[in-house]
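Line by line, the protein sequences are chains A and B. When you line the first sequence up against the working numbering, it's residues 53 to 532, in that order. When you line the second sequence up against the working numbering, it's residues 4 to 186, in that order.
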Amino acid sequence: MIASRLKKITSLWVVIVLLLFVISIILGILMRLNQGDVIQLSPVTFYTDMTVHGLTMISIWYVAGMAAVNFIMERYVTTSKPANIIALVFTLIGVLMLWASTFIGKFHAGWTFLYPLPFKEMLKAWATPLFLFSIAVLGVGWLIWCVSLIAGMLKKYSLAQVFAWQYFRKGPKTETPPFILISMITLVGIVTCLLAAVILLVLLFAEYFSKGAFVNDALLIKNLTYFFGHTIANEMLYLGLAVIYELFAEISGKPKWKTTWYVALAWNCTLFFILTAFFHHLYMDFVQPEGLQILGQLASYLASLPAAGVTVFSIVVAIYRTKINWTLANLLFFIGVMGWVVGGLGAVIDATISNNFVLHNTLWVPAHFHTYNAMGNVLFSLGFFYWFSFQFSNKMDDNKLSALKLFFLVFGGIGFLAAFYIGGADSIPRRYSNYPDEFPLAKTLAIIGGSFATIYLIGILLFFVNISKRCVKILFSRSS
Amino acid sequence: MHYSILVLFLILAVISISVFVYVFLTSKSNDNQSTGMANALQKRFWFILILLVILCIFASVTIPKSPYYQFADKQPSKVIHVAAQQFNFIMSNNAIDPKSPVGDAYITVDANELVEFRVTSLDVNHGFAIYDPAFKLIAQTQAMPGYINRLRYQFKEPGLYHILCLEYCGMAHQVMRSYFTVK
Chain A
53 MIASRLKKIT
63 SLWVVIVLLL
73 FVISIILGIL
83 MRLNQGDVIQ
93 LSPVTFYTDM
103 TVHGLTMISI
113 WYVAGMAAVN
123 FIMERYVTTS
133 KPANIIALVF
143 TLIGVLMLWA
153 STFIGKFHAG
163 WTFLYPLPFK
173 EMLKAWATPL
183 FLFSIAVLGV
193 GWLIWCVSLI
203 AGMLKKYSLA
213 QVFAWQYFRK
223 GPKTETPPFI
233 LISMITLVGI
243 VTCLLAAVIL
253 LVLLFAEYFS
263 KGAFVNDALL
273 IKNLTYFFGH
283 TIANEMLYLG
293 LAVIYELFAE
303 ISGKPKWKTT
313 WYVALAWNCT
323 LFFILTAFFH
333 HLYMDFVQPE
343 GLQILGQLAS
353 YLASLPAAGV
363 TVFSIVVAIY
373 RTKINWTLAN
383 LLFFIGVMGW
393 VVGGLGAVID
403 ATISNNFVLH
413 NTLWVPAHFH
423 TYNAMGNVLF
433 SLGFFYWFSF
443 QFSNKMDDNK
453 LSALKLFFLV
463 FGGIGFLAAF
473 YIGGADSIPR
483 RYSNYPDEFP
493 LAKTLAIIGG
503 SFATIYLIGI
513 LLFFVNISKR
523 CVKILFSRSS
Chain B
4 MHYSILVLFL
14 ILAVISISVF
24 VYVFLTSKSN
34 DNQSTGMANA
44 LQKRFWFILI
54 LLVILCIFAS
64 VTIPKSPYYQ
74 FADKQPSKVI
84 HVAAQQFNFI
94 MSNNAIDPKS
104 PVGDAYITVD
114 ANELVEFRVT
124 SLDVNHGFAI
134 YDPAFKLIAQ
144 TQAMPGYINR
154 LRYQFKEPGL
164 YHILCLEYCG
174 MAHQVMRSYF
184 TVK
C-alpha cells in the first residue's frame, strides 16, 4: 500500500514541474522569436531568459525523475518522506532565489555559468552571490534526497546486491530488480556530480569573498562545471529509464523485466562511462591533455551501449509480434525511447572530435540535447505523471484527447528540432540573441522553430490541465 | 552547410525510427500470433556486441582525424597571436602584451601556408571560430584566460575569412567578431 503522504508529495511535484515547464517553454519560445526578429528583447533580457530557461529545465526534469523514482522505490524499500519534502522545499526556494538573481538582479551568465563570467555578467552586484547560493540550496536539497534513497536501498540490499554483482557468478541466489540496479547506479552518479558542484561552489565563493586575492584556474573550473552540469543532465535521463524498466512491462500487461549478467555488467560500466563522458565539452580546449579528449570520445560512445543497447532492445523485445495493451502512458514511454535514440545519434555525431571541430557551440548542440530531453526525457516523465494521476482515480480517461495530445507533441517537437539541426549543419552559432545578416537561414529557422515549439506547448498544456486536475484531487483527498 | 553531417544524421534517424515504427505495427497487427521474439536474450547479446564493434570502428576511423593531430609533425610558416576580450579579438603578427594589448590593423596569410593561431583570453572564456568566405564554420578553438590554445590550419581558398565568438561571453557576445584575409 503506497503511503498517502507519498502520493500527496508526488502529486505536488507533478503539478509544480508541469507549471514550471510551461513557463520555461514560453521563455524558450520568446528566445526563438527574438532571434527571428518577430519580437525585440534587449540582449540582457534575452540572456537572462536563456539562463533561467536552461537552469529551470534542468532542475524540473531532474526532480521529476527523482519524484518518479522515489514513488516507485516505495514498492521495494521504505523511503524517507521528510527527505522528499526537504528536497521539495529546497527546490522551490532555490528556484525563487534563481529567479530573483536573474529577473531582478539581471544575472545572465548562462546556466553553465562558466568561470569567470559569473563575476562579470550581472547588473546588480548581489545577483552573483544570490545565483551561486541558489545553486547551493538546490544542491543541498537534492543531495539529501539522493543519500536518503541510497540509504533506504542499502537497508534492504547488500552493497553487492544493489549493484547486482551476484549475477557475475553462476546461479545467483538473490534477485536484484532492474529498477533497483539502475536507480542505484544513477543515484551514485548524481551524488558524485553534486559533490563536484560543492567543490566548484567553494572555489567560486573563495574567489568572490577574497575579492580577487584568490584566483581560480579556468581549465580546472571548466572541468568541474561540466563534470557537474553534463553529468546531472545525463543522469536525469537514466532516472526516467529506471521508471521505464519498472513500468513499461507492467502497463503493457507483460511479465516484469529481469536482470541478467550482461545487464548488470552494462549498467555497472555505465557508472564509469557517464562520469567520464563530460570531457567532450572540452574538446576545443586544446590545452586539455589529449588522453582525456580521447577518453571523452570513447566514454561518450560506450555510454550508449548499456543504456541504449539494453533498454532499446528490451523495449523492442517486449513489443515485437506481441499483443500490447497500448495506453497513453506506455505510448509516451515508447515514443520517448525513440526520441532519446534519435537525440543520442545527434549526440554521438557531436561527441566525435573531428565533427565537434565544426559543430561545437553551433545550433547542433541545442538540437541534440533538446531531442533527448523534449522528445525523450519529458515523455518518460509525462508517461509516469499520466500513469500516476490515473492510479488513484476511479474514473478512467476517455482517451478522446490522447491522439491529439501526442500529435501536438510529436509534430511540434519534430518541427522545432529540425530547425535546430539544419541551423547546426549550417554553422549558425548557438546562444546568439540576434543573428548577423551573413546567416540568411538563421532568422527563418528561428521563426519556424518558435512556431513549432508553440504547437508542442499546446500539447503540454493539454497534458498539464488533464494531469494537474487529477493531482490536485489526490493532494486534497482525505483518505489514502 | 555541412551536408555530410546532416545527411549522416538523417539516415541514422530514419533507420532508427523505421525500426521503432515497424516493431510498433507488429504489436497492432491482428494476424500476429503473439509469439514474441524467439531467443530474445541471445539476440540482445549479439545486438550489443555488434553495436560495440560498429562504435569501435567509428572511433578508430575518426579519432586520428582529430584537430590535435592535424599538421602536428609540420612546422608552421606563420604564427598569428590572438587575445580575445569582451567583446573583440586582438590579432597580431607579434606576441601581445596582456598589460597593453595592441593588435595589427590587418592580418593577411598566404593560401596553402601552414598558419598557427595562438589563442588566449584576457578576461572570460571566448570561442575563436573561423568561418570561410561562404560563412561555413571550418575550424575553431577556445580562448581561455591563463592558457594558450594552438590551432593550426592551412587555408586553400583565398578570400575574406571571418572570426566569430562561439562561447557565450556576455551581453554583446553576438557582435564579437573579426576577420583576416587569405591571399
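A virtual CB, placed ideally from N, CA and C, is assigned to each residue, including glycine. Being a predicted model, the structure only gives us computed values, none of them experimental.
Q: State the DSSP-derived secondary structure class of B/ILE83, mapped to helix, strand or coil.
A: Residue state, collapsed to three classes: strand.
Q) Using the beta-carbon count (16 or more within 10 Å), is A/ASP89 buried or exposed? A) A/ASP89 comes out exposed.
**Q.** Among A/LEU195, A/GLN340, A/SER262, A/LEU201, the one whose alpha carbon lies nearest that of A/LYS245
**A.** Here residue 245 of chain A is Cys; the residue named in the question, Lys, does not match the sequence. It is A/LEU195.
Q. If you draw a straight line from the C-alpha of A/THR363 to the C-alpha of B/LYS31, how long is it?
A. Taking the straight line from one Cα to the other gives about 21 Å.
Q) Going by alpha carbons, who is nearest to B/PHE48 out of A/VAL410, A/VAL115, A/VAL315? A) Closest in alpha carbon position to B/PHE48, among A/VAL410, A/VAL115, A/VAL315, is A/VAL315.
**Q.** Proximal residues of chain B, C-beta to C-beta of A/MET427 below 8 Å
**A.** Under the 8 Å cutoff, chain B gives no residues; its nearest Cβ is about 11 Å from A/MET427.
Q: Examine the Cβ distances between the segment 127-135 of chain B and the segment 109-119 of chain B and report whether three or more of them are shorter than 8 Å.
A: The segment 127-135 of chain B vs the segment 109-119 of chain B: no contact.
Q. Can A/PHE436 and A/ALA120 be called in contact, C-beta distance under 7 Å?
A. Note that the C-beta distance between A/PHE436 and A/ALA120 is below 7 Å.
Q. When burial is assigned at 16 or more other CB atoms within 10 Å of the CB, is B/VAL24 buried or exposed?
A. Burial call: exposed.
Q: Assign B/VAL22 to one of three DSSP states: helix, strand, or coil.
A: Helix at B/VAL22.
Q: Tell me, to the nearest whole angstrom, how far the beta carbon of B/GLN157 is from that of B/ASP126; I am working on the premise that it is less than 8 Å.
A: B/GLN157 to B/ASP126, Cβ: 30 Å. No contact.
Q) In chain A, which residues lie with their C-beta within 7 Å of the C-beta of B/PHE50? A) Around B/PHE50, the beta-carbon contacts reaching into chain A at under 7 Å are GLY361, PHE365.
Q) Nearest CA to the CA of B/ILE83: which residue from B/TYR72, B/ASP76, B/SER95, B/ASN91? A) Per the Cα distances, B/SER95.
Q) Beta-carbon separation of B/GLN177 and A/ASN268 under 7 Å? A) In this structure, B/GLN177 sits away from A/ASN268, with a CB-CB distance that is not shorter than 7 Å.
Q: Report buried or exposed for A/GLY361, applying the criterion of at least 16 other Cβ atoms within 10 angstroms of its Cβ.
A: A/GLY361 counts as buried, since no fewer than 16 other beta carbons sit within 10 angstroms of its beta carbon.
Q. Where DSSP assigns a beta bridge to B/LEU140, which residues make up the other side?
A. When beta bridges are read from the DSSP output, B/LEU140 appears opposite B/TYR134.
Q | C-beta atoms of A/ILE401 and B/PHE12 nearer than 7 Å | A | Closer than 7 Å, so yes.
Q: Could you say which of A/GLY191, A/ILE137, A/ILE110, A/MET236 lies nearest to A/ASN320 if we only look at CA atoms?
A: In terms of Cα proximity to A/ASN320, the closest of A/GLY191, A/ILE137, A/ILE110, A/MET236 is A/MET236.
Q: Taking only the alpha-carbon atoms, compute the straight-line gap between A/PHE432 and A/ARG57 and give it to the nearest angstrom.
A: Cα-Cα distance, rounded: 24 Å.
Q) Taking 7 Å as the CB-CB limit, is B/TYR150 close to chain A? A) It does; some Cβ of chain A falls within 7 Å.
Q) Helix, strand or coil: how does DSSP classify A/PRO224 here? A) A/PRO224 sits in coil when the DSSP states are folded into three classes, being neither helix nor strand.
Q: Starting from A/GLY511, follow the beta strand (DSSP E) in both directions and report where the run begins and ends.
A: Boundaries for A/GLY511: no beta strand (DSSP E) harbours it, while the alpha helix (DSSP H) harbouring it runs 494-527, taken from the DSSP string.
Q: Determine the chain B residues that contact A/THR414 at a beta-carbon separation under 7 Å, and present them in chain order.
A: The contacting residues are LEU140.
Q. Using a beta-carbon distance below 7 Å, is A/GLY162 in contact with chain B?
A. So yes, A/GLY162 belongs to the interface.
Q.
Within 8 Å, do at least three Cβ pairs link the segment 401-412 of chain A to the segment 61-78 of chain B?
A. Using a Cβ-Cβ distance cut-off of 8 Å, the segment 61-78 of chain B and the segment 401-412 of chain A are in contact, since at least three pairs of beta carbons, one from each stretch, lie closer than that value.
Q: Give every residue of the same chain whose Cβ lies closer than 8 Å to the Cβ of A/VAL417, excluding the five residues on either side of it in the sequence, and list them in chain order.
A: Excluding positions up to five away in sequence, the list reads ASP402, LEU411, GLY476, ARG482.
Q. Using 8 Å as the threshold, is the segment 334-349 of chain A in touch with the segment 369-382 of chain A, meaning 3 or more CB pairs across them?
A. No, because fewer than three Cβ pairs between the segment 334-349 of chain A and the segment 369-382 of chain A fall closer than 8 Å, the two stretches do not touch.
Q) Listed in chain order, which residues of the segment 204-228 of chain A have Cβ atoms closer than 9 Å to some Cβ of chain B? A) Those residues of the segment 204-228 of chain A that come within reach of chain B (Cβ to Cβ, closer than 9 Å) do not exist; the list is empty.
Q) Terminal residues of the continuous beta strand (DSSP E) containing B/ILE93? A) Start and end: 91-95.
Q | Closer than 7 Å to chain B by CB, A/ILE68 | A | Taking Cβ atoms only, chain B never reaches closer than 7 Å to A/ILE68, which makes this a no.
**Q.** A/SER76 in three-state terms, based on DSSP
**A.** Helix, per DSSP.
Q.
On the DSSP bridge list, what partners appear for A/GLN218?
A. Checking the DSSP bridge columns, you'll see A/GLN218 has no partner listed.
Q. Given a limit of 9 Å on CB to CB distance, which residues of the segment 154-172 of chain B reach chain A?
A. Against chain A - using a Cβ distance shorter than 9 Å - the residues of the segment 154-172 of chain B are LEU154, HIS165, LEU167, CYS168, LEU169, GLU170, TYR171, CYS172.
Q.
By alpha-carbon positions, which one of A/ALA318, A/PHE528, A/ILE232, A/TRP65 ends up nearest to B/ILE51?
A. Selection A/ALA318, A/PHE528, A/ILE232, A/TRP65 evaluated against B/ILE51 yields A/ALA318 as nearest (Cα-Cα).
Q. Buried or exposed: which applies to A/GLN349, given that a residue is buried once 16 or more other Cβ atoms fall within 10 Å of its Cβ?
A. Burial check for A/GLN349: the Cβ neighbour count within 10 Å reaches 16 or more, so the residue is buried.
Q) Checking contacts by CB at 7 Å: is A/SER532 closer than that to chain B? A) Reliability fails at A/SER532, whose pLDDT of 48 lies under 50, so the model's placement of it is uncertain and the value that follows must be treated cautiously. Taking Cβ atoms only, chain B never reaches closer than 7 Å to A/SER532, which makes this a no.
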